[in-house]
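Okay, here's the thing in structure tokens:
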């Protein structure tokens, strides 16, 4: 019996090759999209699981008492030693620090910029499963000048040579000796390091400093120890050593560091967007498959009548329809797996990952796909199995059974649902595109396109900054230059401050910077009240500028003349800066205090140059020549301000935009193919009506709307129902600055969906309207 069902199913597939192909491709594309997005989600959630002690590794973090959102994932150097000595549940604790980019050189001819380095102890190779292929992991980073390179980095610096014992020079021409080689750290690692430098100097210089919270403390707990147990013992440690800290310390699991580093980190929400689009695309494919299966089953009424007259009972016919639908969906699954492998390189390029499918190594996922296919096939065959199998053979053979589309209300509802899914996907993709475009083009509060940037290492120089500035401004293309300790989008510093009329027993957190008097003009920032710094006012050494967010936070109506206690000194507010983005545009603008830099070149030297964009290349060469002349013993690079900026959120949402576009294209193809099949069904159901109308003088232009009108109405109605999607995305999308969906965006979605509808249905509708009426009236 099963063989008979399969044989009949195969014959029906061969008899309607085009329509069967459309059904199979619709479901294959949907399943392929679902497979790819599922593997991506698994890939993101599998970060750091290559570590043997994955479930026992934590990072020390803290938040301000009374403000859970003020979370800090850095801490002080002595915290690691405190944990090792005083908390028996801790197996080990180490201090790490990002290098935040530096220039390294193996010789006088080659200089490389390395963005992914860390200061670390030898014990990092015990805590994490980083494979050291050369060197003693117990002592490899014990010496102050020690450095461990990845295999790729070692090959880049010393091609064809033994790198062990070789010397590298850092920014300040300090010698670093290669003491170890490690395998490249896997891509799925929260610590993205290509090399490790010894942290012995940090431990020596800051081992008793409980105030400088600029370091990462990684903790390995003993087996079967709960982090809550340790949290209860360490929550007040910072307050015990620094009464002004007002911090609650806790451990954050390694498993959360990639997607959710703290309460203000919402990168994990992107996973929900990917899940949404993957499920929506699969649902669209399933609905399209079910609609096509249901629609074309109604064309087989005569076959059903003949079968019943020949002795087939209703159950046999039910099983036949179900078997055919399941066979089609089974073929679609094979096609989906093939498409997944075919589309994988393109998908990896879109999401900027190196994902491998490894489907046959994941039996539970394969089982889920099989269940999905069986369920889709069962639902797709359920309408003909339950409804058409009940037709009376006499009525069918006399052609008295009516199943015009307008009367099949269940089918109408499913087709309408298919259009709604398509419009929702198009709306979501358009909104995501608008959001990323908004983030890229948003006014940052300074003119970054006119700026060049260079970060110099700690240095001592006989040349003052004013002498350097005077020399650099001799070049006509360079309009101004400023020096600061940090720069927007590149780095930001935070500190606790007290302010006039504020609480006297607690600190308020603010971003801060120390810069030369030329900073505001160089950056192109706007002063809303008061004035900027000036070298003509000696009192500016005791003054400060604040932004609008600070004025609002401190509740001041007239901020000029108010005092702020920052870095142990009371300073008078002399000006208010228009709000600008200190961090990426995904984050809110926080209170900001700018003080005047009292020294020239020193520990932190961010140089910003305001140039004429028309002479950018010439200005780059001139700045580079002056810096090399003044500082011949340091390594540096002058580049566009945006080149090294920290735009993590923008990169994440750009990936999301590209992914939405990728899956929306698949969804449009699925919708177009499904619509084409439905138009074929509609034209075949009305073939005699078309013939009669043509005999009575109807033109092709009058017949065309008969077939396409209902689908156009469906599209318009679907757009009306889907209108709230844009506003819903505004509400659920994390981030402070978001694009607002407008009426023009709704019009664009409507135009795209109408275009897809008319293009996909137009060919078959035109073909049906031009059919010879004699052939139409002879049909069946």
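Residue numbers (our numbering): 25 to 804.
Cβ atoms here follow ideal geometry from the backbone N, Cα and C, with glycine treated the same way.
Computed from a predicted structure; not experimentally measured.
Reduced DSSP category for residue i - H, G, I as helix; E, B as strand; rest coil
i: residue 269; result: coil
i: residue 633; result: strand
i: residue 399; result: helix
i: residue 614; result: coil
i: residue 36; result: helix
i: residue 110; result: helix
i: residue 667; result: coil
i: residue 277; result: strand
i: residue 677; result: helix
i: residue 622; result: coil
i: residue 186; result: coil
i: residue 377; result: coil
i: residue 661; result: coil
i: residue 495; result: helix
i: residue 90; result: coil
i: residue 562; result: helix
i: residue 594; result: strand
i: residue 474; result: helix
i: residue 85; result: strand
i: residue 555; result: coil
i: residue 226; result: helix
i: residue 219; result: strand
i: residue 257; result: helix
i: residue 27; result: helix
Environment of residue i [buried if 16+ CB atoms lie within 10 Å]
i: residue 189; result: exposed
i: residue 93; result: exposed
i: residue 392; result: exposed
i: residue 498; result: exposed
i: residue 159; result: buried
i: residue 106; result: buried
i: residue 250; result: exposed
i: residue 244; result: buried
i: residue 268; result: exposed
i: residue 128; result: buried
i: residue 84; result: buried
Close Cβ partners of residue i (< 6 Å) along its chain, the five nearest in sequence each way excluded
i: residue 197; result: 657
i: residue 30; result: none
i: residue 238; result: 98
i: residue 501; result: 635, 636, 639, 642 and 643
i: residue 176; result: 208
i: residue 571; result: 601, 603 and 616
Residues near residue i in its chain [Cβ-Cβ closer than 7 Å; skip 5 each side]
i: residue 70; result: 212
i: residue 376; result: 679
i: residue 554; result: 584, 598, 599 and 600
i: residue 765; result: 455, 750, 751 and 754
i: residue 595; result: 566, 567, 568, 587, 588 and 619
Nearest-angstrom Cα separation, counted from residue j out to residue i
i: residue 380; j: residue 57; result: 15 Å
i: residue 448; j: residue 298; result: 14 Å
i: residue 406; j: residue 346; result: 7 Å
i: residue 591; j: residue 616; result: 14 Å
i: residue 780; j: residue 42; result: 20 Å
i: residue 396; j: residue 741; result: 29 Å
i: residue 732; j: residue 775; result: 16 Å
i: residue 549; j: residue 603; result: 9 Å
i: residue 452; j: residue 461; result: 14 Å
i: residue 463; j: residue 343; result: 55 Å
i: residue 162; j: residue 150; result: 8 Å
i: residue 277; j: residue 146; result: 22 Å
i: residue 80; j: residue 224; result: 25 Å
i: residue 364; j: residue 59; result: 7 Å
i: residue 518; j: residue 156; result: 36 Å
i: residue 37; j: residue 75; result: 50 Å
Sequence-distant residues of its chain with Cβ nearer than 8 Å to residue i (five each side left out)
i: residue 784; result: 695, 696, 697, 699, 700 and 703
i: residue 401; result: 346, 349, 350, 351, 352, 353 and 354
i: residue 114; result: 107, 108, 243, 244, 245, 246 and 254
Practice item. Count the CB pairs spanning the stretch 473-482 and the stretch 648-668 that are closer than 8 Å, and state whether there are at least three. Key: Cβ pair count under 8 Å is three or more, so yes.
Exercise for review: Would you check if there are 3 or more beta carbon pairs closer than 8 Å linking the stretch 174-191 to the stretch 224-233?
Suggested key: Because the criterion of three Cβ pairs below 8 Å is not met, the stretch 174-191 and the stretch 224-233 do not touch.
Review point. Three or more beta-carbon pairs under 8 Å between the stretch 558-565 and the stretch 603-610, yes or no?
Key: With contact defined as three or more Cβ pairs closer than 8 Å, the stretch 558-565 and the stretch 603-610 are not in contact.
Practice item. Could you tell me whether the stretch 59-68 touches the stretch 360-378, where touching means 3 or more Cβ pairs closer than 8 Å? Key: Touching, yes.
Practice item. Would you be able to state if there are at least three C-beta pairs under 8 Å between the stretch 534-546 and the stretch 506-516? Key: Result yes; three or more Cβ-Cβ pairs closer than 8 Å.
Review point. Between the stretch 686-695 and the stretch 44-59, do at least 3 Cβ pairs fall closer than 8 Å?
Key: Touching, yes, given that three or more Cβ pairs across the two stretches are closer than 8 Å.
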